[in-house]
Ligand code: FAD
């Protein structure tokens with residue numbers, strides 16, 4: 001069982017708990033992006049197992065009627081084993097998801113995975129005419145070019161600032177420069193994208209800018225935030241008619257994810273400590 005200290009950031013260990021959390025979000029106007037925790041498998045069996053778990057999850061989502069999609073990490077379904085393993089598992093997941101009317105997101109990992117991730121995404125979003133989305137990172141210098149490529153495809157793109165420490169030869173490393181790139185790319189996406197834009201950020205400035213861009217260009221967009229991070233803002237935006245998705249991690253491998261969340265901000269750590277102390 002997940003201790004209360006972690007349950008602010010992780011929905012539970014089972015798919016049933018994840019779906020239940022999604023139902024509670026739906027009741028407050030927020031949709032869910034369910035993510036089974038797991039990454040960097042070096043052998044094929046666990047990668048295949050997690051791919052099968054996603055297929056079962058998609059069936060659960062469809063059966064429950066909950067407003068939820070899924071988000072998959074490439075290294076969780078075999079990218080470290082081989083590009084072909086990843087592409088095969090992703091294709092299987094997307095096929096089942098598409099059959100059940102469930103949208104599939106592909107998370108983006110470090111820069112060594114970008115080409116393989118975008119190639120697999122391009123194949124699938126072209127084959128299915130959308131129904132798939134990919135994450136792209138504003139800190140990578142190559143993103144400007146990648147966005148030109150993505151603009152020509154169906155499907156949705158989630159813009160994030162980037163969670164991986166990348167070398168300065170290929171990435172912006174100063175926070176201000178990443179923010180500047182995020183704004184530029186957001187503007188490009190609202191201007192050029194037809195499939196819809198996903199703003200994957202907790203940053204009130206970026207969300208306000210996205211709302212201005214929506215007013216200017218009329219492009220559909222959604223805001224995506226993590227479970228346990230600015231939850232009240234998520235509900236407030238939804239009440240204000242913005243499409244909001246909460247990224248909801250679940251599964252047995254919750255500890256390292258929780259640890260990252262708790263350590264990344266003083267507020268999260270204090271929240272966790274208060275939960276331990278019961279006040
Ligand atoms: P930051 O630049 O960290 O902060 C800006 C402002 O946002 C802060 O000043 C504060 O006002 C507010 N804020 C931020 N965090 C908090 C908090 N904990 N509590 C209160 N206020 C806060 N990265 C990847 O590399 N690949 C992915 O696939 C990926 N998927 C993601 C999916 C989602 C839905 C989200 C939300 C993020 C994802 N990320 C991913 C992580 C992303 O790259 C950033 O590392 C992360 O979102 C932090 O950047 P930020 O824009 O939210 O805000």
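Numbering (the UniProt record's numbering), first residue to last: 1 to 279. Just so it is clear, CB atoms sit at the ideal spot from N, CA and C, and this is done for glycine as well.
{"Asked": "Alpha helix (DSSP H) runs wholly inside the region 218-272, at least 4 long, in chain order", "Found": "231-239, 255-264"}
{"Asked": "The region 116-133 contacting the region 142-160, beta-carbon criterion three pairs below 8 Å", "Found": "yes"}
{"Asked": "Selected residue, minimal CA-CA separation from residue 10, among 242, 229, 238, 244", "Found": "229"}
{"Asked": "Distance between residue 139 and residue 197 (C-alpha atoms, nearest Å)", "Found": "18 Å"}
{"Asked": "Contained beta strand (DSSP E) runs [length at least 3] in the region 14-52, N- to C-terminal order", "Found": "31-36"}
{"Asked": "DSSP state of residue 6 mapped onto helix, strand, coil", "Found": "coil"}
{"Asked": "Candidates 44, 58, 40, of which the one nearest residue 18 by Cα", "Found": "58"}
{"Asked": "Residue 77 classed as buried or exposed, judged by whether at least 16 other C-beta atoms fall within 10 angstroms", "Found": "buried"}
{"Asked": "Sequence-distant residues of the same chain with beta carbon closer than 7 Å to residue 258, five excluded per side", "Found": "6, 9, 10"}
{"Asked": "Cβ-Cβ distance between residue 248 and residue 223 below 8 Å", "Found": "no"}
{"Asked": "Segment limits, alpha helix (DSSP H) that includes residue 124", "Found": "114-128"}
{"Asked": "Pairwise C-alpha distance: residue 70 and residue 13", "Found": "16 Å"}
{"Asked": "Residue of 36, 23, 91, 263 minimising C-alpha distance to residue 62", "Found": "23"}
{"Asked": "Separation of residue 137 from residue 173, as counted between CA atoms", "Found": "12 Å"}
{"Asked": "Identified DSSP bridge partners for residue 200", "Found": "224"}
{"Asked": "Bridge partners - residue 72, DSSP secondary structure assignment", "Found": "106"}
{"Asked": "Residue 263, buried or exposed, once every other Cβ within 10 Å from all chains shown has been counted against 16", "Found": "exposed"}
{"Asked": "Nearest-angstrom Cβ-Cβ length linking residue 246 and residue 33, presumed shorter than 8 Å", "Found": "7 Å"}
{"Asked": "Three-state secondary structure (DSSP) of residue 159", "Found": "strand"}
{"Asked": "Sheet register partners of residue 132 (DSSP bridge)", "Found": "104"}
{"Asked": "Near the ligand FAD: residue 160 beta-carbon under 7 Å from a heavy atom", "Found": "yes"}
{"Asked": "Alpha-carbon spacing of residue 38 relative to residue 100, whole angstroms", "Found": "23 Å"}
{"Asked": "Segment limits, alpha helix (DSSP H) that includes residue 89", "Found": "83-99"}
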